[in-house]
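Each remark here refers to the structure printed beneath this line.
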Amino acid sequence: MTDPSTFNGPIHSDIAPHLDAEYAAFHNKYLADRPAIHKLPWDPACRVGPINLGGLEPCKVGSVRDLTIPGATPPVNVRVFTPPGERPEDGWPVLAYFHGGGWVLGNIDTENSFSARTCLTAKCVVVSVDYRLAPEHVFPAPVDDSWAAVEWIHEHGADELGIDPSKIAVGGSSAGGNLSAVITQRAVQRSPPLPIKYQVLIVPVTDNTVQEDGSSSLPTHHESWVKWKNTTPLTPEKMMWFRENYLPDKSKWSHIDASPLFQKDPQVWSKLPDAWVGVAALDILRSEGEAYAQKLKEAGKNVDLVVYPGAPHSIMAMDEDILIGNGTYPTSPTDSTGPDGQGLIPTSDGAGEVVAVGEGVTQWKKGDRVHSLFFETWLDGPILPEHNFQALGAGTPGCLTQYRTFKVETLLPIPDHLSYEEAATIPCAALTAWNSFFERKPITNKSTVLVLGSGGVSVFGAQLAKAAGARVIATTSSEAKAQKYRALGVDEVVNYREYPEWSVKIKELTDGKGVEQVLEVGGEGTIFQSIKSIERGDLVHVIGAVAGGASVGGGVQELGTLILITPATLSGVQIGSKVMCERLDTFITQHTIKPVIDRVFGWTEVIEAFDYQTSGSHFGKVVVKID
Numbered sequence: 001m002t003d004p005s006t007f008n009g010p011i012h013s014d015i016a017p018h019l020d021a022e023y024a025a026f027h028n029k030y031l032a033d034r035p036a037i038h039k040l041p042w043d044p045a046c047r048v049g050p051i052n053l054g055g056l057e058p059c060k061v062g063s064v065r066d067l068t069i070p071g072a073t074p075p076v077n078v079r080v081f082t083p084p085g086e087r088p089e090d091g092w093p094v095l096a097y098f099h100g101g102g103w104v105l106g107n108i109d110t111e112n113s114f115s116a117r118t119c120l121t122a123k124c125v126v127v128s129v130d131y132r133l134a135p136e137h138v139f140p141a142p143v144d145d146s147w148a149a150v151e152w153i154h155e156h157g158a159d160e161l162g163i164d165p166s167k168i169a170v171g172g173s174s175a176g177g178n179l180s181a182v183i184t185q186r187a188v189q190r191s192p193p194l195p196i197k198y199q200v201l202i203v204p205v206t207d208n209t210v211q212e213d214g215s216s217s218l219p220t221h222h223e224s225w226v227k228w229k230n231t232t233p234l235t236p237e238k239m240m241w242f243r244e245n246y247l248p249d250k251s252k253w254s255h256i257d258a259s260p261l262f263q264k265d266p267q268v269w270s271k272l273p274d275a276w277v278g279v280a281a282l283d284i285l286r287s288e289g290e291a292y293a294q295k296l297k298e299a300g301k302n303v304d305l306v307v308y309p310g311a312p313h314s315i316m317a318m319d320e321d322i323l324i325g326n327g328t329y330p331t332s333p334t335d336s337t338g339p340d341g342q343g344l345i346p347t348s349d350g351a352g353e354v355v356a357v358g359e360g361v362t363q364w365k366k367g368d369r370v371h372s373l374f375f376e377t378w379l380d381g382p383i384l385p386e387h388n389f390q391a392l393g394a395g396t397p398g399c400l401t402q403y404r405t406f407k408v409e410t411l412l413p414i415p416d417h418l419s420y421e422e423a424a425t426i427p428c429a430a431l432t433a434w435n436s437f438f439e440r441k442p443i444t445n446k447s448t449v450l451v452l453g454s455g456g457v458s459v460f461g462a463q464l465a466k467a468a469g470a471r472v473i474a475t476t477s478s479e480a481k482a483q484k485y486r487a488l489g490v491d492e493v494v495n496y497r498e499y500p501e502w503s504v505k506i507k508e509l510t511d512g513k514g515v516e517q518v519l520e521v522g523g524e525g526t527i528f529q530s531i532k533s534i535e536r537g538d539l540v541h542v543i544g545a546v547a548g549g550a551s552v553g554g555g556v557q558e559l560g561t562l563i564l565i566t567p568a569t570l571s572g573v574q575i576g577s578k579v580m581c582e583r584l585d586t587f588i589t590q591h592t593i594k595p596v597i598d599r600v601f602g603w604t605e606v607i608e609a610f611d612y613q614t615s616g617s618h619f620g621k622v623v624v625k626i627d
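With the first letter of the sequence shown counted as 1, position 550 gets the number 550 in full-length UniProt numbering; the numbers rise by one all the way through.
What follows is the structure in structure tokens.
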């Protein structure tokens, strides 16, 4: 009998209230019953097993090939992902990528999905490096292999890979983030320097001297090691196990090739490239990731620091939840945990025809036209934590399917003047806009409101507000989108590329008063401007999922000061209940509102639909029509 104490087990009560519902479901599905590797005797066979726990295949790129770097001692294997289409005249940009796994686990297959998606969306070659692993190959073997790969890319990549050697970026997750930071520091110290244009550090290890109490050999304290000691799945105990395998010689823990945060030379920091640093809010490594980002900022670097709320360290392992959402569909038919042997079906909005009803059902009949609800169990009243577990496409199967069974109370009739495609846009985007403008502090024909950008929520917000007689101001990035807004009756449109400090223009348009309500979908990049655009004490509706969930990073103090000065009310919006949606449908019917659909994709074009949506070029909604 297996000792239950050797399994990851359920989510700790310290963490559960803070953990994102999607990740909690992922943990329960894939991790809870898996052995905790650090509690078992070491066996290299543990590296054999499913790489992507969700079982999904990477998206298709132009080509994928495996190479062995010639001349490297020992040989270093890499996997090269090349975008589709014609090679640019100067060559492709390239990302050298290092997988995670605590320098002990993982291999060239570990982050295929991430590599392929990055190749496709960033239009760059991705070279995934299969560095040697501990405990068979301890520090500095993984560093040496990674460095050999980057040097080869720089020296031979133009001929062998079709890349532009002046456009090299490095990146990695966890241990791979550590290797990325180390390689970047080494590159600027080489003679001549090896030009690296950018670094992407995802939940990186930057201080290998941290103890379980958060103390470090540096004069600092990494609070996250203590605050999130009961997190999942990377606990302090597990991190120490990885370190002991990779760095058995404790005298090497503070070496800059093991702990890049220990770099003391200001000249090195000043020569490093700009960076994107992503940390997980519930990760023990959060503090050291933030500390590294701060050191880069102090050296004058442009740093995008993103804190993923509700997320623990292994956020990138959420293959099913993240990659489906990015267009890698369909799910694996071998995953039998979902209905009919399928994995979790994505998307939260749907509309269609009732083709059959269960015994005793009288509310619906065959042939009825219906649309779904975002939350199946949030019927009325305030949202409760358990409702989050019944969000379509997240806690429960979504609508991107030809057939789906619904409970009687989780459907609503489609307004008569809408098509199925138009009605499918109601459950999320339209309801979010309605909840913001009509359920909190209902707008009137005397109101002035601001909508940001031209996505589904913002365009719906503009339509609903104009139907209520309000004055509507919108921001957008192009004259073409501005013209579309004007065609909807929007009163003023501000091009935020022409006016980067667009809040000044908003105040000018409102005679210095500001607007009463803002539909805030930009997150970190726009929240300060939104607050500056409102009248004192009025509402900024923060749409977290649309805004990407990014935190305000180092601007928390500035945000607090701004709210005190304005003052402003920040209102988080989580879609809406069934009762709210009934009121919305009535309003849509009364005013004969037609949702704005940018483009309709076919059933076989799902990946293209997701790619088009994430490109940000659409105005209104993107719809998939099921044949």
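For each residue, glycine too, the CB sits at the ideal point set by N, CA and C.
Can you give me the C-alpha to C-alpha distance between residue i and residue j, rounded to a whole angstrom?
i: glycine 453; j: serine 115; result: 29 angstroms
i: glutamate 237; j: valine 170; result: 29 angstroms
i: isoleucine 315; j: alanine 280; result: 8 angstroms
i: arginine 486; j: glycine 461; result: 14 angstroms
i: glutamate 288; j: phenylalanine 139; result: 20 angstroms
i: proline 74; j: glutamate 608; result: 41 angstroms
i: valine 494; j: alanine 149; result: 47 angstroms
i: residue 636; j: proline 44; result: With the chain covering 1 to 627 only, the question about residue 636 has no answer from this structure.
i: proline 339; j: proline 193; result: Residue confidence is low: proline 339 scores 35 on pLDDT, short of 50, so the model does not pin down where it sits. Its coordinate-derived value is still stated next. Answer to the nearest angstrom: the Cα atoms are 55 angstroms apart.
i: glycine 9; j: arginine 34; result: 8 angstroms
i: aspartate 145; j: valine 226; result: 33 angstroms
i: valine 542; j: alanine 430; result: 15 angstroms
i: leucine 31; j: proline 312; result: 13 angstroms
i: leucine 323; j: isoleucine 506; result: The predicted model places leucine 323 with a pLDDT of 32, which falls under 50 and marks its position as unreliable; any figure quoted below should be read in that light. Going by the C-alpha atoms only, they are around 38 angstroms apart.
i: isoleucine 11; j: threonine 82; result: 39 angstroms
i: phenylalanine 601; j: alanine 181; result: 41 angstroms
i: valine 370; j: phenylalanine 406; result: 11 angstroms
Taking buried to mean at least 16 other C-beta atoms within 10 Å of its own C-beta, is residue i buried or exposed?
i: proline 309; result: exposed
i: proline 595; result: buried
i: cysteine 46; result: exposed
i: threonine 476; result: buried
i: glycine 341; result: Residue placement at glycine 341 cannot be trusted, given a pLDDT of 35 that sits under 50; what the coordinates show is reported in the next sentence. Exposed, by the Cβ-count rule.
i: histidine 417; result: exposed
i: valine 277; result: buried
i: serine 191; result: exposed
i: valine 408; result: exposed
i: glutamine 483; result: exposed
i: glutamine 211; result: exposed
i: lysine 123; result: exposed
i: valine 361; result: exposed
Specify the secondary structure class of residue i as computed by DSSP and reduced to three states.
i: arginine 79; result: strand
i: glycine 325; result: In this prediction, glycine 325 has a pLDDT of 30, which is less than 50 and means its spatial position is unreliable; what the coordinates show is noted afterwards. Of the three classes helix, strand and coil, the one that applies to glycine 325 here is helix, per DSSP.
i: aspartate 598; result: strand
i: valine 490; result: coil
i: residue 652; result: Since the first residue shown for the chain is 1 and the last is 627, residue 652 is missing from the structure and cannot be characterised.
i: phenylalanine 374; result: coil
i: asparagine 107; result: coil
i: asparagine 445; result: coil
i: lysine 197; result: coil
i: arginine 369; result: strand
i: alanine 169; result: strand
Looking at C-alpha atoms only, which residue of the options is the closest neighbour of residue i?
i: leucine 384; options: Ile607, Pro192, Glu409, Ile575; result: Ile575
i: alanine 36; options: Val606, Thr232, Ser372; result: Thr232
i: valine 472; options: Arg286, Asp491, Gly620, Ile607; result: Asp491
i: leucine 67; options: Ser419, Val126, Leu31, Leu464; result: Val126
i: tyrosine 292; options: Pro312, Val150, Lys264, Val540; result: Lys264
i: proline 260; options: Glu608, Thr235, Pro75, Leu179; result: Leu179
i: glycine 350; options: Val307, Gln402, Trp378, Val357; result: Gln402
i: glycine 513; options: Val504, Ala16, Glu376; result: A small correction: the amino acid at residue 513 is lysine; glycine does not occupy that position in the sequence shown. Considering only alpha carbons, the answer is Val504.
i: asparagine 77; options: Leu373, Leu133, Ala258; result: Leu133
i: glycine 102; options: Thr118, His156, Gly177; result: Gly177
i: isoleucine 426; options: Arg404, Phe437, Ser372; result: Ser372
i: methionine 580; options: Thr604, Lys29, Trp378, Val457; result: Trp378
i: valine 61; options: Asp90, Pro41, Glu86, Gly572; result: Glu86
i: valine 129; options: Cys119, Glu111, Asp207, Thr118; result: Glu111
i: lysine 39; options: Ala158, Ala96, Leu120, Trp241; result: Trp241
> At which residue ranges does the stretch 399 to 430 contain complete beta strand (DSSP E) runs of 3 or more residues, listed in the order of the chain?
Replying inline: 411 to 413
> Which ranges does the alpha helix (DSSP H) cover as unbroken runs of at least 4 residues, wholly within the stretch 207 to 274, from first to last along the chain?
Replying inline: 223 to 227, 236 to 246, 266 to 271
>> If we require 3 or more residues per run, which beta strand (DSSP E) segments fall completely within the stretch 454 to 538?
In response: 471 to 476, 492 to 495, 515 to 520
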